[in-house]
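The structure under discussion appears below in the form of C-alpha cells.
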Amino acid sequence: MISITPIVLNELMSSKNLKYMNINEFVKKFAEQFDNTPESIFKPETRFRDLEEWDSMIALAVMAMTDEQYDVRITPDEMTNSQTIDELYNIIASKSNG
Numbered sequence: 004m005i006s007i008t009p010i011v012l013n014e015l016m017s018s019k020n021l022k023y024m025n026i027n028e029f030v031k032k033f034a035e036q037f038d039n040t041p042e043s044i045f046k047p048e049t050r051f052r053d054l055e056e057w058d059s060m061i062a063l064a065v066m067a068m069t070d071e072q073y074d075v076r077i078t079p080d081e082m083t084n085s086q087t088i089d090e091l092y093n094i095i096a097s098k099s100n101g
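Below, the structure written as C-alpha cells:
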C-alpha cells in the first residue's frame, strides 16, 4: 500500500496540473479575481458575463490566473465564447490533459 503524506498531498494539490484540481477549487480561484462580488455567488453554472463586476480587466486577470495556476493559456476567443465558469473549466481541463 502506498502512503501519501500530507506534504506530498499538498504538493500534488498545488501543482500546475488541473488533474488534481476539482471544479469547486477552480470556482474559488475564479472568484478571487473579483473584488466586490461575494464568493457565495460563484457556482460552476454561474454565467460570469452577467455579473455586474465583470469587465475586460477581470477577463485578463482570469486569463493570467489560468496561465499561472494551471500553465494553460486561454485564448481571447475561448474566453469570449465561454458563458459559465464550468465551460471555462472544461476548456482548461482539456488543454491540461493534452
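Residue numbering for the sequence shown is 4 to 101, as defined by our numbering.
Note that the Cβ used here is the ideal one computed from N, Cα and C, for glycine as well.
All values reported here derive from a predicted model rather than from experimental measurement.
Contact check, residue i vs residue j, beta carbons under 7 Å
| i | j | result |
| --- | --- | --- |
| I88 | F37 | no |
| E42 | A34 | yes |
| V75 | S99 | yes |
| I95 | T69 | yes |
| E56 | T40 | yes |
| I26 | P47 | yes |
Element boundaries [alpha helix (DSSP H), containing residue i]
| i | result |
| --- | --- |
| N93 | 88-99 |
| T40 | Unbroken run through T40: none, as it is neither H nor E. |
| D70 | 59-73 |
| D80 | 79-84 |
| N27 | 26-34 |
Whole-angstrom C-beta distance between residue j and residue i, which should lie under 8 Å
| i | j | result |
| --- | --- | --- |
| S97 | L91 | Contact flag wrong, Cβ pair sits at about 11 Å. |
| K32 | Q72 | 6 Å |
Cβ neighbours of residue i in the same chain (closer than 7 Å, five flanking residues each side left out)
| i | result |
| --- | --- |
| E81 | I94 |
| T49 | T87, I88 |
| T83 | none |
Close beta carbons around residue i, own chain, < 8 Å, minus the five adjacent residues each side
| i | result |
| --- | --- |
| L54 | F37, T40, I44 |
Own chain residues within Cβ distance below 6 Å of residue i, not counting five before or after
| i | result |
| --- | --- |
| A67 | none |
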